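One structure is given here, and the rest of the page talks about it.
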Amino acid sequence: MKKLINLPDNVVDEALAGVALAHADLVRVESPNIVVRKDAPRQGKVGVISGGGSGHEPMHGGFVGRGMLDAACPGAVFTSPVPDQMLAATQAVNGGAGVLHIVKNYTGDIMNFELAAELARAEGIDVEAVVIADDVAVKDSLYTAGRRGVGGTVLAEKIVGAAAEEGADLATVKALCEKVQDNVRSMGMALTSCTVPAAGKPTFDIGDDEMEIGIGIHGEPGRERRKLAPADEITEALATPILDDLPFQSGDRVLAFVNGMGGTPLLELYVVYRKLAEILDGRGVTIARNLVGNYITSLEMAGCSITLLKLDDELIRLWDAPVNTPALRWGV
Amino acid sequence: MKKLINLPDNVVDEALAGVALAHADLVRVESPNIVVRKDAPRQGKVGVISGGGSGHEPMHGGFVGRGMLDAACPGAVFTSPVPDQMLAATQAVNGGAGVLHIVKNYTGDIMNFELAAELARAEGIDVEAVVIADDVAVKDSLYTAGRRGVGGTVLAEKIVGAAAEEGADLATVKALCEKVQDNVRSMGMALTSCTVPAAGKPTFDIGDDEMEIGIGIHGEPGRERRKLAPADEITEALATPILDDLPFQSGDRVLAFVNGMGGTPLLELYVVYRKLAEILDGRGVTIARNLVGNYITSLEMAGCSITLLKLDDELIRLWDAPVNTPALRWGV
Amino acid sequence: MGITTADFTAALETFADRIRDAREELTALDSAIGDADHGINMDRGMTAVREHLPTLRDGQAGALFKQVGRTLISTVGGASGPLYGTFFLRLGTALGEAEDVSPADVARGLRAGLDGIVGLGKANLDDKTMVDAMTPAVEALEAGAEADFATALAAAADAAAAGRDRITPLVARKGRASYLGERSAGHQDPGATSATILFEALRDQLGRAG
Amino acid sequence: MGITTADFTAALETFADRIRDAREELTALDSAIGDADHGINMDRGMTAVREHLPTLRDGQAGALFKQVGRTLISTVGGASGPLYGTFFLRLGTALGEAEDVSPADVARGLRAGLDGIVGLGKANLDDKTMVDAMTPAVEALEAGAEADFATALAAAADAAAAGRDRITPLVARKGRASYLGERSAGHQDPGATSATILFEALRDQLGRAG
Ligand SMILES: Nc1ncnc2c1ncn2[C@@H]1O[C@H](COP(=O)(O)OP(=O)(O)O)[C@@H](O)[C@H]1O
Ligand SMILES: Nc1ncnc2c1ncn2[C@@H]1O[C@H](COP(=O)(O)OP(=O)(O)O)[C@@H](O)[C@H]1O
Ligand SMILES: [Mg+2]
Ligand SMILES: [Mg+2]
Ligand SMILES: [Mg+2]
Ligand SMILES: [Mg+2]
């Protein structure tokens, strides 16, 4: 295992200490490992928090700040955080207007957030939760854990955070988050595996001529293993199921998000974006906004994911609204 | 070779097409492969351009926009661009107040920029050049190619771009760039090699328990190979030569820049930043500003570099000045 | 006389030891169909539990297990944290204030714990989770605890192992493994494996008592 | 009669062919002490040059080499682009309008090209660059061109190869290899290798003429 770390068990704590030092103007880091917006709680403002395993940086801690998240709860690498964290974060950001939990659809995340929500409600805090499940690689079904929450989470956090910043109430913020969930779809692929520090070796082995299609964000293998293909083919393989699932139709305006899994150079992400734009153009879908870069990652995994969000004027306005976080910043 | 590309020879052109599509609000891409600020040339404003091999993204193309570069010239991967590009860029950004070339100190970059400068001057364009050579891993000497230009280049482009945006004249902008060069020092290390697409295999082999200290930004091996060490030790190994070189002294204010080489997760960069802050604190050096992330990379190489810039009020003001580029954005 | 809190403490210590020994194995199983952290998660949790045991040894069994549950919920995370945490919370609640715990109480308590897991995780039999190991184990204990506790505990451990192995060929429908679809078939479930370790620890430490 | 533009064109075609063949080797050498692109760079440049050759074959040698220089400068980049580009520009300028090129003209022209490289790159002998292969080669040609062109060309190619090998043990002081310090010792220089290929191409194609 080759990593810039000290003891594997300390990597999350040490990284959070670094975040606190680097971004003291935006956030504070409190026990038990929560990243809180510096000026939280803001009286009368709905608090928006999220959380999940570490190893997806900049998500979620990098999205804490004005116009996005009020707090983030980073768990151990790829392990959902514990209820104590979500409870503390909920208390820290509660300004009397209630708190929204944005939860990615993983059994562990759901259960830990639910336990925290119960404890917070017992303290009289108004808590609502919205589950993001946008990964089209997983068939949606009542009998399984359902779809994973992936790239759509980043877009939901930005848009919902903007509405909360504008003073929308809890019901409105929750409904908006559900609207994003209803209109966003994603799919990812991997060229390489990644190594969980405490595990010490790659999560899976893969040949030089192979790739995994339909991965999540926890370094796990995907739905299927295929022969390595050119970027254009891979882009097609990801974009087509996304487009057909919602479906996205001619005349739709979308936010096109090409995300790197952590180990893929920006140069390659733009090669993918170029092809994605061509595919959407061919379908009569207009890219009204875009995001290209490493925003929801799996440690050093090489690969990418594509996320499409169907936009309307409201979503565009909220996407363009000012945001000031370590990882996303504009309009300020 | 596992990359999200099509034909290796097309990767730069296809990525630039993606950049043009993704950032049409900020830049335009013109032949022969130059990334130009959308509203260039700006009459009466000094033009600031840079360039170098591709594979360092977001540098330089990601730094084109208001308050930073007016144009960037991306060569083939790790190969300095050709004079035709710098000439075209110089012509495209010349608003009558002259053009500054920010050149990283590599034989190829120097010679290609010089040839372009001569051709531009022959057309009556006022061209000045400043060479960035901030890599303390290389001993400075009159008898060699001297120090490499690395992380300091990013800071120079931001600060110089801000001054040009404010309307400073060519002599002032040039002097400012020399001031940054005189006060910035860097050093980098690699955990892994990287693969030049057209070469098809890693530039060097390295053992699982080894690292390269004193690397540049072209995937080349470093000054020496050492046994892999914990992040804290590595941070010491990079910070100490930097601090002793200028030297940075107790009472100094600095901009601390922890840069990822492309394949290292943000999580690890913050672990390094935490230790760097501790080291600087121990030396009585104050971190007045910081930058943590992948800004000057070597494709998918795992590793990091540390850059320290000694600040004064002028440099702080110009660093904080508005910038609106694909990769750096604030104040707008 | 019944099973003492010291007996339960010994069982928890054995569980903690064996989780530590199985840390790599559980993580490897989770690498194949999950996210390579089950051994790390369980070890982190049981290491925290171990620190509380000395102070709890002399108290009530109910208090012991409630503290174990709270500790797991606060330290494990992931899916297994709330699930195992709820399991022990419910077990502790079922034992209540009782000073003297009978084999039948243990069987009832473990059933309550299992019900807690099912209530929280909504897993059915054959969804390929820890539930498939725990369900037959609890049934075996309910059937024989009063007649012969030691034998029933042995049957329970065997039933857990059998359940763990029975579901290996199945396609997972709950937890991360379900994302793999068909690819999850043929892989042993990490949670069913740690659950089997739990029932083996109960067998080896409580068998002497009761 | 002297050396015709067709002879020079043939030599450039041979150079282009052999650079293509040596593409991987040159890149591998550059991987060890540079940035793994010399073969790619030279091949890109000579491929562009090759496209111009048909139209230039029937013109003046001076015009041919000037165009070759301009093409290399515009397509190669890196250090070798300006260096080889200047080399051929100066060679072309030296040959000027001459319709009839003598062996002595060739020697003078190559010297002018080499001076261009040294003027631009400021490399001294033993800095471990292409200059260490070209210098002895040009000297050999100057010494013997008028007496026996073919023999002098052969001597020049041998001198280039000897220069290339002589500097392998040295520590580089110019170019990227210099960043490696002591580690550059013991590695063959890519540029000296491509320069040797050039003089071998001249030997094999111009030897028959003149
Ligand atoms: N809904 C569920 N009900 C019961 N057990 C479950 C459920 N989901 C997952 N599990 C169990 O949890 C185990 C995985 O635990 P762990 O790896 O620690 O958490 P995570 O999956 O969040 O990484 C699985 O092997 C499975 O036995
Ligand atoms: N200052 C110089 N003078 C002469 N030749 C040089 C100089 N610097 C580098 N070279 C030659 O250029 C070669 C490298 O060329 P190339 O790899 O194409 O360019 P780059 O080093 O920019 O990647 C070296 O092997 C060396 O022979
Ligand atoms: Mg997990
Ligand atoms: Mg190069
Ligand atoms: Mg797991
Ligand atoms: Mg090179």
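Line by line, the protein sequences give chains R, G, H and P. To convert, note that position 4 of the first sequence is 837 in our numbering; the numbers rise steadily by one, no gaps. To convert, note that position 318 of the second sequence is 1151 in our numbering; the numbers rise steadily by one, no gaps. To convert, note that position 99 of the third sequence is 364 in our numbering; the numbers rise steadily by one, no gaps. To convert, note that position 115 of the fourth sequence is 380 in our numbering; the numbers rise steadily by one, no gaps. Heads up, the beta-carbon is just placed ideally off N, CA and C, and yes, glycines get one too. Note that this is a predicted model, so its numbers are computed, not measured.
Would you call the segment 415-435 of chain H and the segment 446-456 of chain H touching, i.e. three or more CB-CB distances under 8 Å? The segment 446-456 of chain H and the segment 415-435 of chain H touch, with three or more beta-carbon pairs separated by less than 8 Å.
So with CB distances below 8 Å, who are the chain G contacts of residue 909(R)? Within 8 Å of the CB of residue 909(R), no CB atom of chain G is found; the nearest one sits about 12 Å away.
Assuming contact is defined by CB atoms lying nearer than 7 Å, are residue 898(G) and residue 875(G) in contact in what I supplied? Pairing residue 898(G) with residue 875(G) gives a Cβ-Cβ distance that is not under 7 Å.
May I ask whether a heavy atom of ligand 5 can be found less than 6 Å away from the beta carbon of residue 302(H)? Yes, since a heavy atom of ligand 5 falls inside the 6 Å radius drawn around the Cβ of residue 302(H).
If you pair each beta-carbon of the segment 1010-1021 of chain R with each one of the segment 402-414 of chain H, do three or more pairs fall below 8 Å? Taking one beta carbon from each stretch, the segment 1010-1021 of chain R and the segment 402-414 of chain H have fewer than 3 pairs nearer than 8 Å; the two do not touch.
For residue 446(P), the nearest candidate out of 981(G), 886(G), 1130(G) and 888(G) (CA to CA): Residue 446(P) has its Cα closest to that of 981(G), out of 981(G), 886(G), 1130(G) and 888(G).
For residue 1156(R), which of 1064(R), 1073(R), 1106(R) and 996(R) has the nearest alpha-carbon? Comparing alpha-carbon positions, the option among 1064(R), 1073(R), 1106(R) and 996(R) lying closest to residue 1156(R) turns out to be 996(R).
By Cβ distance, which residues of its chain are closer than 7 Å to residue 952(G), with the 5 residues on each side in sequence left out? Excluding residues up to 5 positions away in sequence, 916 and 920 lie with their Cβ nearer than 7 Å to the Cβ of residue 952(G) in the same chain.
Identify every residue that forms a DSSP beta bridge with residue 311(P). Secondary-structure assignment with DSSP links residue 311(P) through no beta bridge to anything.
Helix, strand or coil, according to DSSP, for residue 399(P) in the structure here? DSSP places residue 399(P) in helix when its eight states are reduced to three.
Find the nearest neighbour of residue 989(G) within the set 900(G), 852(G) and 1020(G), judged by alpha-carbon distance. Check the Cα spacing between residue 989(G) and each of 900(G), 852(G) and 1020(G): the tightest is with 900(G).
Enumerate in chain order the residues of its own chain whose CB-to-CB distance from residue 942(G) is below 7 Å, with the five nearest sequence positions on each side excluded. 885, 913 and 936, listed in sequence order.
Relative to the alpha-carbon of residue 934(R), which residue among 843(R), 973(R), 848(R) and 881(R) has its alpha-carbon at the smallest distance? Nearest C-alpha to residue 934(R): 881(R).
Contacts of residue 1037(G) in chain P (Cβ-Cβ under 7 Å): Taking a Cβ-Cβ threshold of 7 Å, the residues of chain P close to residue 1037(G) are 296, in chain order.
Among 362(P), 471(P) and 304(P), which has the Cα closest to the Cα of residue 416(P)? Closest by C-alpha distance to residue 416(P), out of 362(P), 471(P) and 304(P), is 471(P).
Flag residue 456(P) as yes when its Cβ comes closer than 6 Å to any non-hydrogen atom of ligand 2, and as no otherwise. Residue 456(P): yes, Cβ under 6 Å from ligand 2.
Tell me, which residues are paired with residue 937(R) by DSSP? BP columns for residue 937(R) point to 965(R).
With 16 as the cutoff for other CB atoms within 10 Å, does residue 466(P) come out buried or exposed? The residue in question, residue 466(P), is buried, as its Cβ has 16 or more Cβ neighbours within 10 Å.
Candidates 918(G), 925(G) and 855(G): which alpha carbon is nearest residue 948(G)'s? Comparing alpha carbon positions, the residue from 918(G), 925(G) and 855(G) closest to residue 948(G) is 918(G).
By the criterion of Cβ-Cβ separation under 7 Å, what are the contact partners of residue 1095(G) in chain R? In chain order: 1098.
Would the beta-carbon of residue 299(P) be found less than 6 Å away from any heavy atom of ligand 6? Yes, since a heavy atom of ligand 6 falls inside the 6 Å radius drawn around the Cβ of residue 299(P).
Residues in the segment 339-373 of chain H with C-beta within 9 Å of chain R's C-beta atoms, listed in sequence order? Closer than 9 Å at the C-beta level to chain R, one finds these residues of the segment 339-373 of chain H: 339, 340, 341, 342, 343, 344, 345, 346, 347, 348, 350 and 351.
At 8 Å on the CB atoms, spell out the chain R contacts of residue 839(G), in chain order. Residues of chain R passing the Cβ test: 1063, 1064, 1065 and 1104.
Whose Cβ in chain G lies nearer than 9 Å to the Cβ of residue 302(P)? Going along chain G in sequence order, the residues near residue 302(P) (Cβ under 9 Å) are 886, 909, 910, 911, 912, 1029, 1031, 1032 and 1051.
I want to verify the contact list: residues of chain G whose CB lies under 8 Å from the CB of residue 390(P), in sequence order. Neighbours of residue 390(P) across chain G, judged by C-beta separation under 8 Å, do not exist; the nearest C-beta is about 13 Å away.
Is it the case that the segment 1113-1126 of chain R contacts the segment 1047-1063 of chain R, given that we only count it when at least three CB pairs across the two stretches are under 8 Å? Because the criterion of three Cβ pairs below 8 Å is not met, the segment 1047-1063 of chain R and the segment 1113-1126 of chain R do not touch.
Chain H contacts from the segment 975-987 of chain R (Cβ-Cβ distance under 9 Å): Flagged, chain order: 976, 977, 978, 979, 980 and 981.
Own chain residues within Cβ distance below 8 Å of residue 302(H), not counting five before or after: Around residue 302(H): 292, 295 and 343.
Rank 1043(G), 861(G) and 1095(G) by C-alpha distance to the C-alpha of residue 892(G) and give the top, closest one. The residue with the shortest Cα to Cα distance from residue 892(G) is 1095(G).
Alpha carbon to alpha carbon, how far is residue 1135(G) from residue 395(P)? Roughly 32 Å separates the two Cα atoms.
Cutoff 7 Å; reference residue 946(R); Cβ partners in own chain excluding five residues on either side: Correct list, in chain order: 919, 934, 936 and 962.
Is there at least one Cβ from chain G nearer than 7 Å to residue 382(P)'s Cβ? The beta carbon of residue 382(P) sits no closer than 7 Å to any beta carbon of chain G.
Verify whether the separation of the beta carbon atoms of residue 363(P) and residue 398(P) is less than 7 Å. No, Cβ-Cβ distance for residue 363(P) and residue 398(P) is not below 7 Å.
Please return the same chain residues whose Cβ sits closer than 7 Å to the Cβ of residue 391(H), not counting the five positions on each side in sequence. Close CB contacts of residue 391(H) within its chain, under the 7 Å cut and outside five residues either way in sequence, are with 397, 432 and 435 (chain order).
Leaving out five residues before and five after residue 865(R) in sequence, what residues of the same chain have Cβ atoms less than 7 Å from its Cβ? For residue 865(R), where only same-chain residues beyond five positions count, the Cβ hits under 7 Å are 917, 918 and 921.
Within the present structure, is the beta-carbon of residue 345(P) separated from the nearest heavy atom of ligand 2 by less than 6 Å? Yes, the beta carbon of residue 345(P) sits closer than 6 Å to at least one heavy atom of ligand 2.
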